[in-house]
Amino acid sequence: MDDLGENAMRAAVIAAPGRAAMASAPLPRPGPGEVRVRLAGCGVCASNLTPWEGPEWMRFPTDPGGLGHEGWGRVDALGAGVTGFAQGDRVAMLSDHAFAEYDVAPQDALARIPPSLPDGPVPAEAIGCAFNIFRRSGVGAGQTVAIVGIGFLGAILTRLATDAGAQVIAVSRRPFSLRLARDHGAAECVAMDDHWAIVEAVKAATEDRLCDVVIEATGKQWPLDLAGELVREGGRLVIAGYHQDGPRQVNMQMWNWKGIDVINAHERDLAVRLAGMREAVEALAAGRIDLDALVTHRFPLDRLGDALDMTRDRPDGFVKAVVLT
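According to this note's numbering, the sequence shown holds residues -16 to 308 in order.
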């Protein structure tokens, strides 16, 4: 392990708002029922950005590897009582300190990566989120679905909805994102610039009926407002965006009048999250999801700060960043 010794590892920490650093940390030991994974990498999630900015509730420095929750790698050590896994098995994991060389997780928080899946990034936790959101959305054949915000999550949801036989209207800010949505099956693409122009464009695409399902995938106030406008009477509004930067206001008068169902599609149950991850890995192995088009930027672990900045700034051509160990 370089010059750190056999009982230490390299890990990234967020030292201050907007500043990452590398640290030496004790090598984690798996307890009973736990598995240690030698991480190959970890995805960078949009939910990392608010802590990166340094809100009042954030404490610095973070724990070594902290905020990293999209890790994958190979089983390195087994705690007492672990069954069904062996050293060298390739896995994705549900853990919270994966911006590091190693992390531990309970054995029931691992999704096996099949040998048929080529080496490369497998941010299965993030893809699993998309599968769980899609399940909660209730999208079916013949429906019209608007997806507001096309990034990593929105692109996968576009593919899943299209594969289910729905007609997808993609609404996003960047021309690149709209091209990405088109590549993932969107039937219509609408630039997210003028609120009422978007509403009129969706009305025109749906013969004034609006959408059976609208999935808001940005985590911001205005797109949430817009999403409510795009749902038809009796339709379904699915909140996929992570609204972590403060309270939101909603137009309850309109929501009441339309009689819409509102689904908060975030999962906290470990078993549900793991089921989504396993479904995601199966989809990757079957070629249903093309990660080459979605994981656009790769950084070494010691450039986590650059990966976070790029995730925040979203330059043209950016969809998702991962850090590799």
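Idealized CB from N, CA, C, for every residue including glycine. The model shown is predicted, which means the values in this text are computed figures rather than measured ones.
Using a threshold of 9 Å, state whether the C-beta atoms of residue 331 and residue 153 are closer than that. For residue 331 there is no data in the structure shown, the boundaries of the chain being -16 and 308.
My parser needs the beta strand (DSSP E) runs of 3 or more residues fully inside the stretch 232 to 260; what are they? If one requires a minimum length of 3 residues, the beta strand (DSSP E) runs lying completely within the stretch 232 to 260 are 244 to 247, in chain order.
Residue of 156, -5, 292, 248 minimising C-alpha distance to residue 79: Looking at 156, -5, 292, 248, the one whose alpha-carbon comes closest to that of residue 79 is -5.
Find out if the Cβ-Cβ distance for the pair residue 304, residue 293 is shorter than 9 Å. Yes. Within cutoff.
Would you identify the three-state DSSP class for residue 280, choosing helix, strand or coil? Under the three-state reduction of DSSP output, residue 280 falls in the strand class.
Span of the beta strand (DSSP E) around residue 127: Note, residue 127: beta strand (DSSP E), 127 to 131.
Inter-residue spacing [alpha-carbon to alpha-carbon] between residue 213 and residue 189: When rounded, the distance between both Cα atoms is 10 Å.
Are residue 111 and residue 261 close, meaning C-beta to C-beta below 9 Å? A distance below 9 Å separates the beta carbons of residue 111 and residue 261.
Beta carbon of residue 170 nearer than 9 Å to that of residue 200: No.
Close-in-space but distant-in-sequence residues of the same chain around residue 44 (CB under 6 Å, 5 per side omitted): Within the same chain, and ignoring the five residues on either side of residue 44 in sequence, the residues whose Cβ sits closer than 6 Å to its Cβ are -4, -2.
Nearest residue (CA-CA) to residue 264, options 193, 204, 107, 137: Considering only alpha carbons, the answer is 107.
Do the CB positions of residue 109 and residue 125 come within less than 9 Å of each other? Contact flag unset, no.
Buried/exposed call for residue 300, threshold 16 Cβ in 10 Å: So residue 300 ends up on the exposed side.
Cα-Cα separation between residue 205 and residue 179, rounded to whole angstroms: Whole-angstrom Cα-Cα distance: 12 Å.
CA-to-CA distance, residue 130 to residue 31, given in whole angstroms: About 22 Å.
Would you mind stating whether residue 77 and residue 70 have Cβ atoms separated by less than 9 Å? In this structure, residue 77 lies away from residue 70, with their beta-carbon atoms at least 9 Å apart.
Among 8, 208, 158, which one has its Cα closest to the Cα of residue 84? That would be 8, whose Cα lies nearest to the Cα of residue 84.
When 268, 0, 174, 166 are compared against residue 158, the one with the closest alpha-carbon: Out of 268, 0, 174, 166, 174 has the C-alpha closest to the C-alpha of residue 158.
By how many angstroms is the C-alpha of residue 103 removed from the C-alpha of residue 53? Computed Cα separation, rounded: 14 Å.
Would you report the Cα separation of residue 269 and residue 236, rounded to the nearest angstrom? Approximately 45 Å, taken between the alpha carbons.
Using only CA atoms, which one of 128, 120, 142, 160 lies nearest to residue 134? Nearest option by C-alpha distance: 160.
Nearest to residue 249 (by Cα), restricted to the options 81, 114, 228, 22: Minimum Cα-Cα distance from residue 249 among the listed residues 81, 114, 228, 22 corresponds to 114.
CB-CB length for residue 288 against residue 29, believed under 8 Å: So it is not a contact: roughly 16 Å between Cβ atoms.
Considering only the alpha carbon of each residue, which of 86, 57, 59 lies closest to residue 49? Here the closest residue by C-alpha is 86.
Does the distance from the CB of residue 18 to the CB of residue 68 come in under 9 Å? A contact, by the Cβ cut-off of 9 Å.
Quick one: what does DSSP say residue 60 is sitting in, helix, strand or coil? Under the three-state reduction of DSSP output, residue 60 falls in the strand class.
Range covered by the beta strand (DSSP E) that runs through residue 28: Here residue 28 belongs to no beta strand (DSSP E), and DSSP marks it neither H nor E.
Applying the criterion that 16 or more other CB atoms from any shown protein chain within 10 Å of the CB defines a buried residue, is residue 308 buried or exposed? With 16 or more Cβ atoms within 10 Å of its Cβ, residue 308 is classed as buried.
Confirm, please, whether the CB-CB distance from residue 141 to residue 168 is below 9 Å. For residue 168 and residue 141, yes; Cβs fall inside 9 Å.
With distance defined between alpha-carbon atoms, name the residue in 278, 245, 286, 298 nearest to residue 26. Nearest Cα to residue 26 within the set 278, 245, 286, 298: 278.
Hey, how far is the Cα of residue 163 from the Cα of residue 138? Spanning the alpha carbons of residue 163 and residue 138 requires a straight line of approximately 7 Å.
Minimum C-alpha distance to residue 298 - residue among 35, 266, 283, 156: The shortest C-alpha separation from residue 298 is found at 156.
For residue 166, count neighbouring Cβ atoms within 10 angstroms of its own Cβ and tell me buried if that reaches 16, exposed if not. Classification for residue 166: exposed.
Residue 284 vs residue 306 beta-carbon contact at 9 Å: Between residue 284 and residue 306, the gap from beta carbon to beta carbon is short of 9 Å.
Where does residue 293 fall in DSSP's three states? Three-state DSSP puts residue 293 in a helix.
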